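Q:
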Amino acid sequence: MNPSYDIQQMITKAAQQAVLELFGTEATEQQIQLQKTRKEFEGDVTLVVFPLVKISKKSPEQTGELVGDFMKNHVAEVVGYNVVKGFLNISLTPQFWLSFFHDILQEEKFGFEKPDSGKHVMIEYSSPNTNKPLHLGHLRNNFLGYAVSEMMKAVGHKVTKVQIINDRGIHICKSMVAWKNGGQGETPQSSGMKGDKLVGKYYVEFDKALKAQSAELIAQGINPDEAANKTKVMQEAQDMLRKWEAKDPEVMELWRKMNGWVYEGFDITYKAMGVDFDKLYYESDTYINGKEEVEKGLEKGVFFKKDDGSVWIDLTDEGLDEKAVLRKDGTAMYITQDIGTAILRFRDFPDLAYQIYTVGNEQEYHFKVLLKILKRLGFTQADQCYHLSYGMVELPEGKMKSREGTVVDADDLMSEMALVAEEVSKEQGKLEGLPEEEKKSLYHTIGMAALKFFLLRVDPKKNMMFNPKESIDFNGNTGPSVQYTYVRTVAVLRKAKESGYNIQAEMITHVDPASISKAEFDVIRKIYEWPEVLHGAAQGYNPADIAHYCYDLAREFNSFYHDHQILRETDEKLRLFRIALTAKTGETIRNSMNLLGIQMPERM
RNA sequence: GGUCCCGUAGCUCAGCUGGAUAGAGCAACAGAUUUCUAAUCUGUGGGUCAGGGGUUCGAAUCCCUUCGGGAUCACCA
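Numbering (my numbering), first residue to last: 323 to 926.
1. Taking just the CA atoms, how far does Ser839 sit from His709?
2. Only counting the same chain, and skipping five residues up and downstream in sequence, which positions put a Cβ closer than 6 Å to that of Lys784?
3. Bridge partners of Ile445, per DSSP?
4. Along the chain, where does the beta strand (DSSP E) that runs through Asn789 open and close?
5. With DSSP collapsed to three states, give me the class of Ala568.
6. Starting from Gly478, trace the alpha helix (DSSP H) in both directions and tell me its first and last residue.
7. Quick one: what does DSSP say Ile494 is sitting in, helix, strand or coil?
8. Whose CA, out of Arg490, Gln511, Tyr806, Ala902, lies closest to the CA of Met915?
9. Quick check on the burial criterion: 16 or more other C-beta atoms within 10 angstroms. Buried or exposed for Phe899?
10. Between which two residues does the alpha helix (DSSP H) holding Leu520 run?
11. Along the chain, which unbroken stretches of the beta strand (DSSP E) at least 3 residues long are found entirely within the region 612-689?
12. If you follow the beta strand (DSSP E) that Thr359 is part of, which residue opens it and which one closes it?
13. Return the first residue and the last residue of the alpha helix (DSSP H) that Phe843 is part of.
14. Apply the 10 Å Cβ neighbour rule to Thr359 and answer buried if 16 or more other Cβ atoms are within range, or exposed otherwise.
15. Is DSSP giving Tyr823 helix, strand or coil here?
16. Rounded to whole angstroms, what's the CA-CA distance from Phe528 to Gly755? Just pull it up for me.
17. Which of helix, strand or coil does DSSP assign to Lys752?
18. Who are Lys720's beta bridge partners in DSSP?
19. Where do the N-terminal and C-terminal ends of the beta strand (DSSP E) with Ile412 fall, by residue?
20. Compare the C-alpha of Leu856 against each of His442, Leu918, Lys650, Glu575 and name the closest.
21. Considering only the beta carbon of each residue, do Gln535 and Thr509 sit closer than 8 Å?
22. Can Ile329 and Val371 be called in contact, C-beta distance under 8 Å?
23. Given this structure, state the Cα-to-Cα distance separating Ala835 from Glu435, to the nearest angstrom.
24. Return the chain-ordered list of same chain residues with a C-beta closer than 7 Å to the C-beta of Asp705, the five sequence neighbours on each side being excluded.
25. By the DSSP assignment, the beta strand (DSSP E) with Asn880 in it spans what residues?
26. For Gly408, I'd like the list of residues in its chain whose CB is within less than 6 Å of its CB, leaving aside the five on either flank, ordered along the chain.
27. For Tyr447, which option in Arg669, Gln417, Gly390, Gln485 has the closest C-alpha, if you only look at C-alpha atoms?
28. Name the DSSP bridge partner or partners of Tyr604?
29. Should Gln659 go down as buried or exposed, given a rule of 16 or more other Cβ atoms within 10 Å for buried?
30. First and last residue of the beta strand (DSSP E) that includes Thr334?
31. Taking Cβ to Cβ, would you say Ala866 is nearer than 8 Å to Leu778?
32. Would you call Tyr687 buried or exposed, if buried means 16 or more other Cβ atoms sit within 10 Å of its Cβ?
33. Any idea which residues DSSP pairs Thr368 with across the strands?
34. Can you list, in chain order, the residues of its chain whose CB lies under 8 Å from that of Arg667, leaving out five sequence neighbours each side?
35. Nearest-angstrom Cα distance between Ile868 and Ala859?
36. Buried or exposed: Phe843, going by 16 or more other Cβ atoms within 10 Å of its Cβ?
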C-alpha cells in the first residue's frame with residue numbers, strides 16, 4: 323500500500339509532534355497507543371491518552387482535547403475529534419478515504435505482495451498413514467496446511483507444498499497380512515470399493531483377528547500385556563515387516579500393490595478437498611537417509627551410543643530428556659525418519675529458509691526434539707522451522723475412535739455437505755434452469771465452503787467441536803453466507819456491465835465526498851484493514867484471522883447493500899462510486915476466501 | 001509426578017503485545033422484501049470472562065494459586 327495512507331504512522335508522528343510542542347517533552351512510540359475507534363463512537367482512529375498524562379500533567383480529558391485540537395489544526399487529513407474519558411477519537415477527512423479508495427481501485431490484488439520476499443518456505447501437511455482412509459482430523463490438517471501455504475504466497479514467499487507419506491512399518495503390514503489371509507484376491511475393481519477404503523477394511527479385519535486371538539491366549543493364562551504380541555496374526559505382521567526390510571520380492575510386490583490402491587483412493591479425496599502437493603516424500607525412501615544422518619551425527623559427537631548398541635541424544639540441558647534415535651538392532655524409529663526427511667528437503671531445496679510442519683498438537687514434544695536435533699546437526703534453518711500445531715476435532719460423543727466406529731470419514735462428510743447444499747439450494751430455488759452438471763459442481767463448491775470455513779475459522783491451536791447435526795449451517799458466520807455476499811456483488815456487476823459500465827478508478831473521481839454515507843465509508847475502512855489482517859495472519863500462521871475478516875467484510879457490505887441502491891441510484895456520480903465499491907469489495911472477498919481454499923461461485 | 005494447551009452468553013466461537021459499556025453466529029422473540037439474489041438486514045432478551053489472590057490509573061488479557069478438561073513425557077507412530 324502507498325505509505326501515505328498509513329494511518330498508524332501518520333497519526334503516531336502527528337501525536338508525537340503534538341506532545342512535543344504542547345508539553346515540551348518527546349513521547350516514545352510506546353506511549354503513543356493507537357487503536358481502531360470502536361463502532362459506537364465517532365471517529366476512525368483512537369489515541370489512548372492515559373500514557374500521556376504523565377507528560378502533560380493534565381487530566382486525561384484536557385490532554386485529549388489539547389492533542390486533538392493540535393491535530394485538527396496541523397494535520398490536513400484530520401477533520402475532527404472528540405474526547406470520551408481518556409480516549410481521543412480522531413476523524414479523518416472523507417477525502418482521505420476516497421483518495422485511498424481511488425488508489426487501490428487500480429491495484430489488481432490489493433494487499434497481496436509480489437512474489438519477491440526472497441524467502442522459500444516449505445509446508446508439510448496431510449502426511450497420512452497408508453493403512454486407512456482420511457478422516458475429519460485430516461480435513462482440518464489439509465485445510466490448514468493449504469490455507470497457510472496460500473497465505474505465505476500472498477505475502478510474497480515462494481512456497482513448496484509437501485507431504486511425507488508414512489508408507490512403511492507395522493501398520494501397513496497389518497493390512498497386508500489380513501488381506502493375504504482372508505482377502506481372496508479382492509481388489510478395488512472386483513469389489514467396487516475405493517482403494518484406501520478397501521485397505522482400511524483389512525486393517526479393521528486384522529484388528530478383529532488380533533482381538534480374538536489375544537482373548538484366546540489370555541483365556542489360556544497368558545499375561546494380557548504380552549498376549550497381543552504373541553498372537554499368530556501379530557507374528558505374521560512382524561514377520562512381514564522383517565521380510566519387507568529384507569526386500570523380499572513377494573512382500574514388496576504386495577506392499578506396492580496395496581499402497582497403490584491407497585494412493586488412488588487418496589487422489590480422489592485430495593481432489594475433492596481441493597488440495598495438492600508440489601512434491602511427495604515417502605518414508606520408505608527417507609528412513610534410510612535418516613539412518614545415514616544419525617551415523618554422521620554419531621561421528622560428529624551429536625549422538626552417543628549406549629552399551630546395547632542403541633543411539634541416543636542427550637537433551638537434558640535443554641529441559642528435555644534423552645531421546646533414542648536408533649534402536650539397538652539398528653532399525654529406524656519414527657524420529658529417525660523425520661531427521662532424514664528434513665535434511666533431505668534442505669538438500670533438495672538449498673534455498674529453503676524454513677519448513678512448516680502441519681501436525682497435530684499431540685506431537686508437540688516430538689517436534690521440539692526434532693528441531694533441537696536438526697539444529698545440533700548444524701541446520702540453522704531449524705530455528706525458523708515452525709510446528710503448526712493444531713487441536714483435535716472432537717465429536718459430541720467425545721474423541722474419534724476408529725475401534726468404536728466413531729470416525730467421521732472425509733469422503734462421506736464431503737459428499738454429505740454437498741447433499742445439504744443441494745437441499746438448501748433447492749429450497750431457495752435460485753438455480754432453476756442451470757444445467758445439471760453446473761448445479762452439481764455448485765453444490766460441491768457450496769458444501770466445501772461450509773466445511774472449510776467451519777474448520778478454519780477456529781484458532782488452529784484450539785480443540786474444536788464438530789457436531790454433524792448442528793455444525794452444518796449455511797447462515798450467519800459461515801462460508802456459504804460469505805459466498806452469497808460475493809454472488810450479490812457479481813450479480814450487480816453483471817448487470818452493470820450489461821449496461822455498458824467499465825470498472826475503473828475514474829468512476830469515483832467526481833463524486834462529492836459529502837454525499838457518501840457512513841455505511842459506505844465503513845466498507846472502505848474494512849477494505850483498508852485487509853493488508854494488515856493478511857500480514858498478521860501470515861505471521862501467526864493463522865487462517866482463522868482471514869476467515870473472520872472475510873465474514874466481517876461481507877457483513878459490512880450487506881449492511882451497505884441493504885439500504886443503498888446501486889444501479890438504481892439516480893445521482894450518476896454516486897452510482898459510479900457504488901459500482902466501484904461493489905467491485906472492489908467483491909474482489910477482496912474473493913481473494914481472501916481463495917486463501918482459505920474456498921472457491922467463489924458466480925451464482926447460488 | 002514434570003512440561004504444554006484450553007476454560008468467555010443455552011450452544012459454536014471472537015476478543016488475550018493490558019485500555020471505553022466483553023463481541024459475533026446459532027437457538028428464542030419482534031420487525032424489514034411491489035427493489036440490483038431475504039443463504040440478507042434491523043432490534044430485544046441472554047455474561048460472577050472457571051474460582052481466589054496479586055501487579056496497575058486501568059485486567060477476559062500479565063503473575064501466583066486452586067478447580068475442571070485435554071495432550072505429552074516409548075528402543076510406538
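In this text, a Cβ means the ideal position worked out from N, Cα and C, and glycines have one as well.
Keep in mind that this is a model prediction, so the values were computed, not measured.
A: Put simply:
1. 46 Å
2. If we look at Lys784 and ignore the five residues flanking it on each side, its Cβ neighbours are Gly713.
3. For Ile445, which the question treats as bridged, DSSP gives the partners Lys483, Ile678.
4. Taken as a continuous stretch (DSSP letters only), Asn789 belongs to no beta strand (DSSP E), as it is neither H nor E.
5. coil
6. That residue, Gly478, is in no alpha helix (DSSP H); it is neither H nor E in DSSP.
7. helix
8. Met915 has its Cα closest to that of Tyr806, out of Arg490, Gln511, Tyr806, Ala902.
9. buried
10. 517-541
11. 633-636, 644-648, 674-682
12. No beta strand (DSSP E) holds Thr359; DSSP gives it neither H nor E.
13. 840-861
14. Buried is the call here.
15. coil
16. 50 Å
17. coil
18. The question names Lys, but residue 720 is Gly in the sequence shown. The partner list for Gly720 (beta bridge, DSSP) reads Leu717.
19. Here the beta strand (DSSP E) through Ile412 covers 409-414.
20. Leu918
21. Not in contact: Gln535 and Thr509 (Cβ atoms no closer than 8 Å).
22. no
23. The identity of residue 835 in the sequence shown is Pro, whereas the question assumes Ala. Going by the C-alpha atoms only, they are around 30 Å apart.
24. Taken in chain order, the residues that qualify are Lys697.
25. No beta strand (DSSP E) holds Asn880; the alpha helix (DSSP H) holding it covers 865-885.
26. Val371, Phe372, Pro382
27. Gln485
28. Tyr604 pairs with Ile487.
29. buried
30. First-last for Thr334: 329-345, but that is the alpha helix (DSSP H), not the beta strand (DSSP E).
31. Pairing Ala866 with Leu778 gives a Cβ-Cβ distance under 8 Å.
32. exposed
33. DSSP, once it has assigned bridges, lists Gln357, Asn411 as partnering Thr368.
34. If we look at Arg667 and ignore the five residues flanking it on each side, its Cβ neighbours are Met444, Val484, Tyr603, Leu674, Gln677.
35. 7 Å
36. By the neighbour-count rule (16 or more Cβ atoms within 10 Å), Phe843 is buried.
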